[in-house]
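Listed in order, the protein sequences are those of chains Y and W.
Under this note's numbering, the first residue of the first sequence carries the number 191, and numbering increases by one thereafter.
Under this note's numbering, the first residue of the second sequence carries the number 238, and numbering increases by one thereafter.
A virtual CB, placed ideally from N, CA and C, is assigned to each residue, including glycine.
A quick note: this is a predicted structure, and the numbers were derived from the prediction, not measured.
Below you'll find the structure, written out as C-alpha cells, and then a few comments.
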Amino acid sequence: MPLLFPEEDASDVRRRYKPDVIKGDMDSIRKEVLDFYRSLGTEIIDKSHDQDTTDLHKCITYIRDFAPDVNKSSQLCILVAGALGGRYDHEMGNLNVLYCFSALRIVLLSDDSLIYLLPRTHHHEIHIQTSVEGPHCGLIPIGVPSRSSTTTGLRWNLNNTEMRFGGLISSSNIVVGEKVTVQSDTDLLWTISIKKL
Amino acid sequence: MDLMHHSSTFLLPTIPLHHGPSLTYALVVLNQTLPRFAPLLWKHAQLRLCADGGANRVFDEMPLLFPEEDASDVRRRYKPDVIKGDMDSIRKEVLDFYRSLGTEIIDKSHDQDTTDLHKCITYIRDFAPDVNKSSQLCILVAGALGGRYDHEMGNLNVLYCFSALRIVLLSDDSLIYLLPRTHHHEIHIQTSVEGPHCGLIPIGVPSRSSTTTGLRWNLNNTEMRFGGLISSSNIVVGEKVTVQSDTDLLWTISIKKL
C-alpha cells in the first residue's frame, strides 16, 4: 500500500489501510506484519489446523457466516484481489471457490481482468462500465459443458449455442455498447478486461 | 489402456539420453513477459515460433536475461524460425529486424476465428514434418498464462482442442498439460526443478472417477468437479505420480525458483 502512495509517509498509509480481519493458516504472514496489525486492533483468526480448504475459502466462509452486518441490509458482493496469477493450482482452487459459493456474489480481480460467476438459475444483465472495463470479454463453461447459451450485446453473440472445452468457448469476444445479457443452462464464468488508465 | 509417460526434462540444463520417450521440442512464445528459463526452453527446441506480439517479447526481453552481453548479439542468437499470427501486436521494427535475419513471417490477419496459439499449434502440426516425424513432438508454450483472463482460457482450450498432441503451458510459477482420458499416465517428477505443489483439475467436464498414486492426498475412484472437490494444493511425494481418470484432466505442478 505505501508503494501506491509514494509521496506519503509509509506508516501513515499503513495505519490508514488497516485490515479488519486477518484469517488463514498463518504460514505466510511475517511476524512483524502480524504484530503490527494486531497492535492496531485487527482481529487475527488462526485457522492453521484446517488444511482442507484454501485461504480464500476460509475467508468467504467467515464473511458469509460471521459478518452479519455486511450481509444484512443489502446484497453482499465480495471483491477478491490476488486470486489470479501465481501458482496455477492456487488459481484453480480460487476459481472453484466461485462455484462452491455460487449463491454469493464473488468477483476475482487482477490488474488485467475481472471474473465472476453467472449462475444458471438466473437470466443476467451485465451493465458495462465502459470507462473502466472492456472491450475484451469471454464466457467460459469451466466445469460442465453448456448445451445452450444465448447472449446479446457481444460482437459474436451466442444463440442457443453449445459451448465446451475441446470445442467452442467464447474467448476474445468484444462488448458492443453498454449492456450484455446472458442466459445459459449451466453456470458460466464471465470475464472482462480492465482498462489500463 | 496404454501408458503415457511424462517428464519435465525440458526444464533441465541438459536432457539425459535414454530418459523416457524420445521427444522433439517446439517452442511457441506468446505475448507475455518471458519466463526466466526461456533461454533454456529455446535451447531444447528444434523449432521456435513467436505468435505475433511474442516476437516483441523475445526482442525486448531476451537481452534482459543476458545483461552482460551486447543486446544485438543476443537478439541475433535468439532468432525465431517463424512469426505467425494476425500481426496486430508485433512492432514494425521487430518484424523488420527478424525478417531481415531470415525468419519466416506468416501473416494470418484474415483469420479471426482462432487464437494466435491455435494458429501456431496448427502450423507446427501440419507444416513442420521434420519436427513431427521421427520422435514424439512436445510443444512448449511460454506466455499462455497470466494477462487477460479470456486469453488464458482460450489458451487452455487449445490443450483440449489438440488433446492428441503434447502441449505444455509454462509460466514462471507453474507448468500445465493435459492428461488425456485415453491413457494411464506416469509422471516422472524432476524434483530439482519442479514441485512439490501440484493439482489435478477437471476442466470442462466433471470426473466420475479418478485414481492417483504418488500424491500427499491421492484420489481413489474419487469424483471431482467444479463446485465440489478438485485436487489443488496437493503435494508430490517422491518421484513418480500415476493418474488414471474417466475424463481429460489438467495436471499442474509448481516450478522451483532457483
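Cross-strand partners of Cys287 (chain W) (DSSP beta bridge):
W:Val266, W:Ile320
Within the same chain, show all residues whose beta-carbon is closer than 6 Å to that of Ile359 (chain Y), passing over the 5 residues directly before and after it, in chain order.
Ile330, Met353
Chain Y partners of Cys357 (chain W), CB-CB under 7 Å?
Here the premise fails: no neighbours, minimum Cβ distance about 15 Å.
Please report the distance separating the alpha-carbon of Met241 (chain W) from that of Ser361 (chain Y).
31 Å
Taking 7 Å as the threshold (beta carbon to beta carbon), is Phe355 (chain Y) in contact with chain W?
yes
Is it the case that the CB of Cys327 (chain Y) approaches a heavy atom of the ligand FMN more closely than 6 Å?
Absence of the ligand FMN from the depicted structure is noted, as is the absence of any ligand whatsoever, leaving it without description.
Identity of the residue in Y:Ile268, Y:Pro335, Y:Asp377 nearest Pro309 (chain Y) by Cα:
Y:Asp377
Can you give the Cα-Cα distance for His326 (chain Y) and Ser383 (chain Y), rounded to whole angstroms?
5 Å
Examine chain W for any beta-carbon lying closer than 7 Å to the beta-carbon of Asp215 (chain Y), and answer yes or no.
no
Measure the alpha-carbon distance for Leu332 (chain W) versus Ala292 (chain W) and round it to whole angstroms.
8 Å
Among all the DSSP beta bridges, which residues are the ones paired with Thr448 (chain W)?
W:Gln481
Among all the DSSP beta bridges, which residues are the ones paired with Glu341 (chain W)?
DSSP, once it has assigned bridges, lists W:Val319 as partnering Glu341 (chain W).
According to DSSP, which residues form a beta bridge with Thr428 (chain W)?
Answer is none; Thr428 (chain W) lacks a bridge partner.
Check distances from the C-beta atoms of the stretch 304 to 326 of chain W to those of chain Y and list, in chain order, the residues that come in under 8 Å.
none
Nonlocal neighbours in the same chain, by C-beta distance under 7 Å from Thr340 (chain Y), ignoring five residues either side:
Counting only Cβ-Cβ distances below 7 Å, and skipping sequence neighbours, we find Leu348, Asn349, Asn350, Gln373.
Can you tell me where the alpha helix (DSSP H) holding Ser501 (chain W) begins and where it ends?
Because chain W in this structure spans residues 238 to 495, residue 501 (chain W) falls outside the shown range and cannot be described.
DSSP-derived helix/strand/coil call for Tyr306 (chain Y)
strand
What residues of chain W sit near Arg277 (chain Y), judged by a beta carbon separation below 7 Å?
Asp410, Ser411, His434, Ser491
Inter-stretch contact at 8 Å, needing at least 3 Cβ pairs: the stretch 310 to 317 of chain Y / the stretch 445 to 461 of chain W:
no
Look at Tyr315 (chain W) and Trp279 (chain W) and say whether their C-beta atoms are less than 7 Å apart.
yes
Could you give the residue range of the beta strand (DSSP E) that holds Ala271 (chain Y)?
Unbroken beta strand (DSSP E) run through Ala271 (chain Y): 267 to 271.
How would you list, in chain order, the residues of chain Y whose beta-carbon sits under 9 Å from the beta-carbon of Val442 (chain W)?
Gly333, Val334, Pro335, Arg354, Phe355, Gly356
Using CA atoms only, rank isn't needed, just tell me which of Y:Ser336, Y:Gly357, Y:Asn363 is closest to Gly343 (chain Y).
Y:Asn363
Go through its chain and collect everything with a Cβ distance to Gly391 (chain W)'s Cβ below 7 Å, but skip five positions before and after it.
Thr352
Proximity to Ser245 (chain W) [Cα-Cα], best of W:Ser411, W:Glu305, W:Leu286, W:Pro300
W:Ser411
How many whole angstroms separate the CB atoms of Pro253 (chain W) and Arg285 (chain W), which I take to be in contact at a CB cut-off of 8 Å?
Contact flag wrong, Cβ pair sits at about 22 Å.
Check the Cβ-Cβ distances between Cys398 (chain W) and every residue of chain Y, and say whether any is below 7 Å.
yes
Starting from the N-terminal side, write out each stretch of the beta strand (DSSP E) that is 3 residues or longer and does not extend beyond the stretch 352 to 439 of chain W.
373 to 379, 403 to 407, 411 to 416, 421 to 425, 431 to 438
Could you give the first and the last residue of the continuous beta strand (DSSP E) run that contains Ser468 (chain W)?
Bounds of the beta strand (DSSP E) holding Ser468 (chain W) are 468 to 472.
How many Å lie between Glu330 (chain W) and Ile438 (chain W) at the Cα?
41 Å
Check whether chain Y comes within 7 Å of Gly391 (chain W), counting only Cβ atoms and requiring the distance to be less than that.
yes
With burial defined as no fewer than 16 other Cβ atoms inside 10 Å of the residue's Cβ, what is the status of Thr261 (chain W): buried or exposed?
Label assigned to Thr261 (chain W): buried.
Taking buried to mean at least 16 other C-beta atoms within 10 Å of its own C-beta, is Asp302 (chain Y) buried or exposed?
So Asp302 (chain Y) counts as buried.
The beta strand (DSSP E) with Gly328 (chain Y) in it runs from where to where?
That run of the beta strand (DSSP E) goes 323 to 330.
Who are the Cβ neighbours of Val311 (chain W) in its own chain at under 6 Å, not counting the five residues just before and after it?
Met299, Pro300, Phe303
Residues that Gly464 (chain W) contacts on chain Y, provided the C-beta gap is smaller than 8 Å:
Asn286, Tyr289, Cys290, Ser292, Gly333, Asp377
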